[in-house]
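Novice: Structure incoming, see below.
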Amino acid sequence: MADDPFDEVLGLEERFYDEGYKQGTEEGIQAGKIEGRALGLEKGFEKFLESGRLYGKSLVWASRLPRTSAPQNASSSTSQGRGDSSTDTDKGEKQQLPLLSRNARLEKNIATLYALVEPDTLSTENTDEAVNDFDDRVKRAHGKARIIDKMVGEEVSKEAHQTRSPASEGNKEGTPEGPATKSPSARPAVEF
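In UniProt numbering, the protein residues as written are 1 to 192.
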């Protein structure tokens, strides 16, 4: 009774289970690495895109700061002498954004924003310390950009670009008032 011919057949299910488990684990590890790399590339691209957007804003704001060495009447005469935009492009004249008001705090914030997101100083290493430093700098740059937006008075952020329709806010009929059959208790109480 040392070699039972049915031992191999009776252990067949367990053997196939172990074999499948081992193969699934190996394939899962490989698929996880591929998916992790793809997700890492996607998130890294999004982060660098955002830092580039902030860098571009800092360059535009810096170019709009009034220069102390440039004569003021030259810039004011070109801005006053503008016609409609079709004739400006036909003549080949440069179109410029209006200059920002002279403000030391604004200049300091723009310089700080520029320093935070300058591409040459941002690390592309994939270490915990470098990633945390990058995220911290972009987060601080967002704060500076919000401050500058408010100081300049040109608040154009991601939220401003998103359009919300009344239908997406829960109104069934798509009107600002919502459904016509509102209960009196649902209306806000207005007292004068």
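For each residue, glycine too, the CB sits at the ideal point set by N, CA and C.
Which stretch, first to last residue, makes up the alpha helix (DSSP H) that contains L65?
Specialist: Residue numbering aside, residue 65 sits at position 65 when the sequence shown is read from its first letter. Unbroken run through L65: none, as it is neither H nor E.
Novice: Beta-carbon within less than 8 Å of R105's beta-carbon, same chain only, minus the 5 sequence neighbours each way: which residues are those?
Specialist: Counting from 1 along the sequence shown, the entry for residue 105 is found at position 105. Hits under 8 Å: M151.
Novice: Measuring only the C-alpha atoms, how far is R146 from F45?
Specialist: Taking the sequence shown and counting its residues from 1, one reaches residue 146 at position 146. Taking the sequence shown and counting its residues from 1, one reaches residue 45 at position 45. Using only the alpha carbons, I get a separation of about 22 Å.
Novice: Would the segment 109-116 and the segment 24-31 be scored as touching if the rule is three or more Cβ pairs under 8 Å?
Specialist: Not touching, per the Cβ criterion.
Novice: For S58, count neighbouring Cβ atoms within 10 angstroms of its own Cβ and tell me buried if that reaches 16, exposed if not.
Specialist: Within the sequence shown, numbered from 1, the residue matching residue 58 stands at position 58. S58 comes out buried.
Novice: Go through its chain and collect everything with a Cβ distance to D18's Cβ below 7 Å, but skip five positions before and after it.
Specialist: Here residue 18 corresponds to residue number 18 of the sequence shown, with the count starting at 1. Counting only Cβ-Cβ distances below 7 Å, and skipping sequence neighbours, we find nothing.
Novice: If you follow the alpha helix (DSSP H) that E8 is part of, which residue opens it and which one closes it?
Specialist: Residue 8 sits at position 8 when you count from the first residue of the sequence shown. From DSSP, the alpha helix (DSSP H) with E8 extends over 7-10.
Novice: Looking at the unbroken alpha helix (DSSP H) that takes in R102, where does it start and where does it end?
Specialist: If you number the sequence shown from 1, residue 102 lands on position 102. No alpha helix (DSSP H) holds R102; DSSP gives it neither H nor E.
Novice: Determine the extent of the alpha helix (DSSP H) in which K144 is found, giving its start and end residues.
Specialist: Residue 144 sits at position 144 when you count from the first residue of the sequence shown. Its alpha helix (DSSP H) spans residues 128-152.
Novice: Flag this pair as yes or no: are the beta carbons of L100 and R67 separated by less than 8 Å?
Specialist: Within the sequence shown, numbered from 1, the residue matching residue 100 stands at position 100. Within the sequence shown, numbered from 1, the residue matching residue 67 stands at position 67. Contact flag unset, no.
Novice: Is the beta carbon of L122 closer than 8 Å to that of S51?
Specialist: On the sequence shown, residue 51 is found 51 positions in, with the first residue counted as 1. On the sequence shown, residue 122 is found 122 positions in, with the first residue counted as 1. Their beta carbons are under 8 Å apart, which means S51 touches L122 by this criterion.
Novice: Quick one: residues in its chain with C-beta nearer than 8 Å to the C-beta of V138, no 5 flanking neighbours on either side, listed in chain order?
Specialist: Within the sequence shown, the letter at position 138 stands for residue 138. For V138, where only same-chain residues beyond five positions count, the Cβ hits under 8 Å are K47, E50, S51, L54, L116, V117.
Novice: With C-beta atoms as the reference, is residue 234 less than 8 Å away from T124?
Specialist: Past the boundaries of the shown model lies residue 234; the chain is included only from 1 to 192, so the question cannot be answered.
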